[in-house]
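Participant: Shown below is the structure under consideration.
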Amino acid sequence: MFGFNREKELIGLDIGSYSIKAVELKSKKKEIEELYEVKKIGYELLPHDAIVEGTIIDSAAVVETIKMIFDENKISNKNITIGISGNAVIIKKISLPSMETEELAESIIWEAKHNIPYPYEETNVDYAILKPSQYPEETNLDILLVAAKKDKIANYSSAINQARKNLELIDVDVFALQNALEVNYPEIFNEKTIAIINLGANITNVIIIENGIPQLFR
1 MFGFNREKEL IGLDIGSYSI KAVELKSKKK EIEELYEVKK IGYELLPHDA IVEGTIIDSA
61 AVVETIKMIF DENKISNKNI TIGISGNAVI IKKISLPSME TEELAESIIW EAKHNIPYPY
121 EETNVDYAIL KPSQYPEETN LDILLVAAKK DKIANYSSAI NQARKNLELI DVDVFALQNA
181 LEVNYPEIFN EKTIAIINLG ANITNVIIIE NGIPQLFR
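Numbered continuously in full-length UniProt numbering, the sequence shown closes out at residue 218.
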C-alpha cells in the first residue's frame, strides 16, 4: 500500500525473524487471465535475534543475507517489494459518507489522527475503498485505513538500501496474502468466506475474507 512504483517487475522479499525469502515471478498472460510462474526463488536463515518482534536489530546480518540470496540465486532485478506487520502497523475499517476525492483525503487525515495510537506525523497512512458506491441510495463508503510507523519503514528501507537494492513497494503482510489468494483462486476469492493463517517464527498473521472483502485482520 505504501508504494512508489507499481509498474515495475519486482522481487518479493519476505524478511522474517527466522529467515529471508525471495521470489521472482514471470508474468504469463493466458487469454483474459494473467498467470505467473516462479522464475527464481531464494532462502537463507538469519542469525538468532537478528530481527526481534519485527524490528531489525542486527542490520549487518540482514544486509549480508539479502546480498547472499541475490548472488547465490543469480537474481539480477534489484527492485524489491516487502511486507510488514507487527504492532507498528495499524489496520482499521471505517465508514464515511460519500464525498469528492479531495474531501475524502482530508477526512482520511482526520480519521487517522483519531484512530491511530501514534502521532500522525510519525506514521505513513494509506487507504483503500472496500465497497465503492454503485447506487444513488448508497450514502456511505467502507474504507480500509492502514498506517505504519515511519521508523518501522525506515528500519527496513535502510537495510535494503545498504544491500544495494531499490525498495519500490511496501505492503502489509495480510494483504499480500490476500493478493496471492485472489490471483491463484479467483473463483473462490469472490464467492466464499475464507480464512488465511500465516504461521511465522514469531508473528502469526490472520485475515478473513468474505466475498472478496477483508473483514477481519490480526
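For glycine and all other residues, C-beta sits at the position ideal for the given N, C-alpha and C.
This structure is a prediction, so every number in the text was calculated from the model and none was measured.
1. What is the rounded straight-line gap between the Cα of Glu-34 and the Cα of Asn-202?
2. For residue 220 versus Tyr-156, is the C-beta distance shorter than 8 Å?
3. Who are the Cβ neighbours of Tyr-43 in its own chain at under 7 Å, not counting the five residues just before and after it?
4. Hey, Tyr-118 and Ile-143: beta-carbon distance below 8 Å or not?
5. Starting from Ala-197, follow the beta strand (DSSP E) in both directions and report where the run begins and ends.
6. Less than 8 Å separating the beta-carbons of Ile-15 and Val-52?
7. Counting only the same chain and skipping the five closest in sequence on each side, list residues whose C-beta sits under 8 Å from that of Leu-177.
8. Nearest by alpha-carbon distance to Pro-47: which of Lys-40, Ile-41, Ile-57 is it?
9. Could you tell me whether the stretch 152-168 touches the stretch 69-80, using the rule of 3 or more Cβ pairs below 8 Å?
10. Could you have a look at Asp-173 and say whether DSSP puts it in helix, strand or coil?
11. Verify the CB distance criterion: does Leu-25 have a CB-CB separation below 8 Å to chain D?
12. Sort Ile-90, Gln-215, Ser-107, Ser-95 by Cα distance to Glu-122 and report the nearest one.
13. Measuring straight from C-alpha to C-alpha, what distance separates Gly-3 and Asp-71?
14. What residues in its chain sit with their C-beta under 8 Å from that of Asn-73, if we drop five residues either side in the sequence?
15. Specify, as a first and last residue, the run of the beta strand (DSSP E) that Asn-205 falls within.
16. Hey, would you say Val-174 sits closer than 8 Å to Val-146, going by beta carbons?
17. When the distance is taken between beta carbons, is Ile-213 closer than 8 Å to Leu-130?
Facilitator: From the atom records:
1. If you number the sequence shown from 1, residue 34 lands on position 34. If you number the sequence shown from 1, residue 202 lands on position 202. C-alpha separation (whole angstroms): 34 Å.
2. The structure shown has nothing for residue 220, since the chain only spans 1 to 218.
3. Position 43 of the sequence shown, counted from the first residue, corresponds to residue 43. Counting only Cβ-Cβ distances below 7 Å, and skipping sequence neighbours, we find Ser-19, Lys-21.
4. Here the question's residue 118 lines up with position 118 in the sequence shown. Here the question's residue 143 lines up with position 143 in the sequence shown. Not a contact, by the Cβ cut-off of 8 Å.
5. The count along the sequence shown starts at 1 and reaches residue 197 at position 197. The question names Ala, yet the displayed sequence has Ile at residue 197. Element bounds for Ile-197: 193-199.
6. Mapped onto the sequence shown, residue 15 falls at position 15. Mapped onto the sequence shown, residue 52 falls at position 52. Not closer than 8 Å, so no.
7. Residue numbering aside, residue 177 sits at position 177 when the sequence shown is read from its first letter. These residues qualify, in order along the chain: Ile-196, Asn-198, Asn-205, Ile-207.
8. Within the sequence shown, numbered from 1, the residue matching residue 47 stands at position 47. Of the candidates Lys-40, Ile-41, Ile-57, the one whose C-alpha sits nearest the C-alpha of Pro-47 is Ile-57.
9. yes
10. Residue 173 sits at position 173 when you count from the first residue of the sequence shown. Looking at Asp-173 - three-state DSSP - the assignment turns out to be helix.
11. Of the protein chains in the structure, only one exists, and it is not chain D.
12. Position 122 of the sequence shown, counted from the first residue, corresponds to residue 122. For Glu-122, the nearest C-alpha among the options comes from Ile-90.
13. In the sequence shown, residue 3 corresponds to position 3, counting from 1. In the sequence shown, residue 71 corresponds to position 71, counting from 1. Low per-residue confidence applies at Gly-3: pLDDT is 45, beneath 50, and the placement is therefore not dependable enough to give any value.
14. Start at 1 with the first residue of the sequence shown, and residue 73 comes out as number 73. Here the set comprises Ala-22, Lys-40, Ile-41, Gly-42.
15. Taking the sequence shown and counting its residues from 1, the one referred to as residue 205 is at position 205. Looking at the DSSP string, the run of the beta strand (DSSP E) that includes Asn-205 is 204-210.
16. Here residue 174 is taken as the residue at index 174 of the sequence shown, counted from 1. Here residue 146 is taken as the residue at index 146 of the sequence shown, counted from 1. No, the Cβ-Cβ distance between Val-174 and Val-146 is not below 8 Å.
17. Taking the first residue of the sequence shown as position 1, residue 130 is located at position 130. Taking the first residue of the sequence shown as position 1, residue 213 is located at position 213. It is a contact, given that the beta carbons lie within the stated cut-off.
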